[in-house]
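Notes to accompany the following structure.
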Amino acid sequence: MEDTVGLELDDDVDLNTSIGPEGLGLESIGILEVTVHLEREYDIEFSDEALELLINGTLGEFIDEVVRQRSAVAAGASAENSGSR
Numbered sequence: 009m010e011d012t013v014g015l016e017l018d019d020d021v022d023l024n025t026s027i028g029p030e031g032l033g034l035e036s037i038g039i040l041e042v043t044v045h046l047e048r049e050y051d052i053e054f055s056d057e058a059l060e061l062l063i064n065g066t067l068g069e070f071i072d073e074v075v076r077q078r079s080a081v082a083a084g085a086s087a088e089n090s091g092s093r
């Protein structure tokens with residue numbers, strides 16, 4: 009987040025910190041910038057429903073969604089590799 013939107017995370021930030029204005033201070037456009045960066049970096053895709061939840065969610069929920077997306081991509085790649093033998 010620091011590199012993408014210039015947001016420096018304080019020591020008091022934890023997994024329960026809201027991503028939005030009342031927590032980290034990210035507006036919708038900032039959250040979109042971060043998700044687009046992650047989509048490109050890790051070849052994942054956030055659904056509109058997931059984005060809506062992330063906008064109103066916590067840092068922990070955001071991280072959980074990224075891990076879910078990455079796991080799904082890894083499982084798909086694993087299935088593709090085992091199917092090509």
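Numbering (our numbering), first residue to last: 9 to 93.
All residues carry an ideal CB built from backbone N, CA and C; glycine is no exception.
Model, not experiment: these values are computed from the prediction.
Alpha helix (DSSP H) segment containing residue i, residue limits
| i | result |
| --- | --- |
| Thr43 | Ser36 to Tyr50 |
| Ile63 | Asp56 to Ile63 |
C-alpha gap between residue i and residue j, whole angstroms
| i | j | result |
| --- | --- | --- |
| Pro29 | Ile37 | 12 Å |
| Arg93 | Val75 | Bear in mind that a pLDDT of 49 at Arg93, under 50, signals an unreliable position, so the number given afterwards is only what the model happens to contain. The alpha-carbon atoms of Arg93 and Val75 are separated by roughly 28 Å. |
| Asp20 | Ile27 | 13 Å |
| Gly65 | Glu41 | 16 Å |
| Val81 | Asp18 | 31 Å |
Selected residue, minimal CA-CA separation from residue i, among the options
| i | options | result |
| --- | --- | --- |
| Gln77 | Glu60, Leu46 and Glu35 | Leu46 |
| Leu34 | Ala83, Leu67 and Gly84 | Leu67 |
| Ser79 | Glu60, Ile52, Asp56 and Glu69 | Ile52 |
Residue j beta carbon less than 8 Å from that of residue i
| i | j | result |
| --- | --- | --- |
| Thr101 | Leu62 | This structure leaves residue 101 out entirely; the chain is present only between 9 and 93. |
| Leu15 | Thr25 | no |
Classification of residue i by the beta-carbon crowding that lies within 10 angstroms, buried from 16 upward
| i | result |
| --- | --- |
| Glu73 | buried |
| Ile39 | buried |
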